[in-house]
Amino acid sequence: MTTNPGMSSHRRLWIALLLLSASVATAHDLDDVDIPKLGMSRPEFLLDPARAVQALVAEDFVTFFYNQTLDHFNYRPESYTAFNQRYVVNSEYWGGADSGAPIFAFLGAEAPIDGDIANAGFLTDNAAQFRALLVYIEHRFYGKSIPYGMTLERALGDADTRGYFSSAQALADYAEILIHLKQKLKAEHSPIIVFGGSYGGMLASWFRLKYPHVALGALASSAPILYFDDIIPQDAYYSVVAKSFLESSSSCHQTIRQSWEELDRVASEPRGLTKLSNAFKTCSPLQSSSELKKYLKLLYVQVVQYNDPSAQPLKLMCDAINGAPPRKGLLQKIFAGLVAINGNLTCYVNPSGSDAQTPSGWFWQTCTEMAFPIGITRNTMFPPEPFNLNSFSNACKSEFGVPARPRWVTTYFGGHVGHSANQINLAVFFSSLLLINFCAKPEEMASDLSNPRC
Ligand SMILES: *[C@@H]1O[C@H](CO)[C@@H](O)[C@H](O)[C@H]1NC(C)=O
Ligand SMILES: *[C@@H]1O[C@H](CO)[C@@H](O)[C@H](O)[C@H]1NC(C)=O
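Residue numbers (mature numbering (1 follows the signal peptide of the UniProt record, and there is no 0)): -27 to -1, 1 to 427.
Structure, rendered in structure tokens:
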């Protein structure tokens, strides 16, 4: 365990966050792999400056590195390899081990932890009231927590190494670190509550399922743990995006809805792609209209997914689209919306070169475990684009040599209700027999966070 002075430089983390968000939509041109990233770190244009400043002035975050086990589930020689895993502690508010004050643990997701420390205001907002210790743990393979000290690019390029990149390994990492931390602080009576947003929220709920002896509770925010197999309709995601646009402004929704055909029409004209490249000031000439359509689709998604009430990017975009002079054509209106969100840049759509980790790391994670069947079958403001498991899986095979495992999450963590009433009754009967001797009487259990009994 070593202390790292690095956190003093909050500027650097901010820049990392900006780089990260800038490239979300551009990393992979493969079709059928544009499962939106789910992490909390918002794109640059959506950052709330007030919140950012608040995070920057917090001087109380101390960085540690835990000597983490590469492979928790096998006993091969290389399983015992260790790597440095970063976690960050803020003890400013903590009531201390003696008073059994709680530990709030933020579980990192598909990005370096820096962005979460800056953005996850919920923990700092509530820390004083609960006198909580705050811990933020970085997900393996992101940020400074990559095995063998590799870059993510190298780690993902190596079939043996990337095999250790999974949510089950990440949850085991979190369990080890939290148990280690409690020992180190002699805080065995401090209950742990885990927190996470989006994929991190999925991890929080799964952590509580698998490690109830480590976490007394979990707060999972926007965690799509049921967006697997056929549990919910594949349209769910994009229909919410379209509905948000419709509710914000029906003329904006209508303009976007009509724009796809217009994009295709212009693209099919002589020198059409050049016309489109000029109209959208693309950073390099478009190779196909789908390149532009994909970019716009992800932009609309981000505007809704990160629709911060203080910045209101959805309203900003629709105001610009609606407010474009009437003589402007459909595509100029769309472009006005793009500029409103991104600001006045020298070029748009396909900026070159970015070393952000989220797109490539998340691509691996969706190819292996998180194969969300997100598609568009209904006629919303987006053109229909049904999820096609075969082409998705083929894209994964060509990138990583492995097919997607779309049923593994529900097999491992659950999701489907697959039991008959009789099985459930039997299970309840046996578990109540077991629990009867362990549970404290109900009145003793009353919301005493610091002294869980059951
Ligand atoms: C980290 O763990 C590995 C494997 O358990 C061990 O060989 C190594 O000595 C440890 N390193 C440190 C710095 O504790
Ligand atoms: C972009 O530049 C134009 C003209 O200089 C200006 O009117 C507009 O407000 C700018 N837009 C943004 C989003 O900065």
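For glycine and all other residues, C-beta sits at the position ideal for the given N, C-alpha and C.
Check	Outcome
DSSP three-state assignment for L189, whether helix, strand or coil	coil
Spatial neighbours of A215 in its chain, beta-carbon cut-off 6 Å, leaving aside the 5 residues before and after	T353 and M354
Alpha-carbon spacing of A143 relative to R113, whole angstroms	6 Å
Every unbroken alpha helix (DSSP H) within the region 106 to 152, with a cutoff of 4 residues, ordered by chain	125 to 130 and 132 to 135
Sequence-distant residues of the same chain with beta carbon closer than 7 Å to N295, five excluded per side	S222, S224 and C225
Nearest-angstrom Cβ-Cβ length linking E83 and W335, presumed shorter than 8 Å	5 Å
F218 in three-state terms, based on DSSP	helix
Option in Q41, A297 and K159 with minimal Cα separation from K117	Q41
Terminal residues of the alpha helix (DSSP H) in which A313 lies	L303 to N315
Unbroken beta strand (DSSP E) run spanning L80, endpoints	I76 to L80
Any non-hydrogen atom of ligand 1 within 7 Å of N317 CB	no
C-alpha gap between H45 and Y184, whole angstroms	14 Å
Beta-carbon proximity list for F180, same chain, < 7 Å, skipping 5 on both sides	L80, L144, Y147, V167, A188 and A191
Y60: CB within 7 Å of a non-hydrogen atom of ligand 1	no
Coarse secondary structure for F365, derived from DSSP in three states	helix
Beta carbon of F56 nearer than 8 Å to that of Y115	no
Span of the alpha helix (DSSP H) around Q278	S262 to Q278
Distance cut-off 7 Å: Y53 Cβ against heavy atoms of ligand 1	yes
The region 123 to 140 touching the region 196 to 207, judged by at least three CB pairs closer than 8 Å	no
Alpha-carbon to alpha-carbon, N63 and K157	15 Å
Reduced DSSP secondary structure (H/G/I, E/B, other) of E358	strand
A240 in three-state terms, based on DSSP	helix
N- and C-terminal bounds of the alpha helix (DSSP H) containing R181	Y172 to K183
Bounding residues of the alpha helix (DSSP H) (the contiguous stretch that carries F336)	T331 to T341
Simplified DSSP state of Y60, which is helix, strand or coil	strand
Beta-carbon gap between E342 and V382 smaller than 8 Å	yes
6 Å CB neighbourhood of K254 in its chain, flanking five on each side removed	C320 and Y321
Heavy atom of ligand 1 within 7 Å of N47 beta-carbon	no
N40 beta carbon near ligand 1 (any heavy atom closer than 7 Å)	yes
Same chain only: Cβ atoms within 8 Å of P357, ignoring 5 sequence neighbours per side	I349, T350 and R351
Cβ neighbours of L265 in the same chain (closer than 7 Å, five flanking residues each side left out)	L236, L249, F253, L259 and V322
Length of the line joining the Cα atoms of N92 and S140	22 Å
Minimum C-alpha distance to Y172 - residue among Y211, Y385 and F345	F345
Buried versus exposed call for S52 [16 or more other C-beta atoms within 10 Å across all chains shown]	exposed
Counted within 10 angstroms of its Cβ, other Cβ atoms place V390 as buried (16 or more) or exposed	exposed
Reduced DSSP category for F18 - H, G, I as helix; E, B as strand; rest coil	Model confidence at F18 stands at a pLDDT of 47, short of 50, so the residue's coordinates are unreliable and nothing is read from them.
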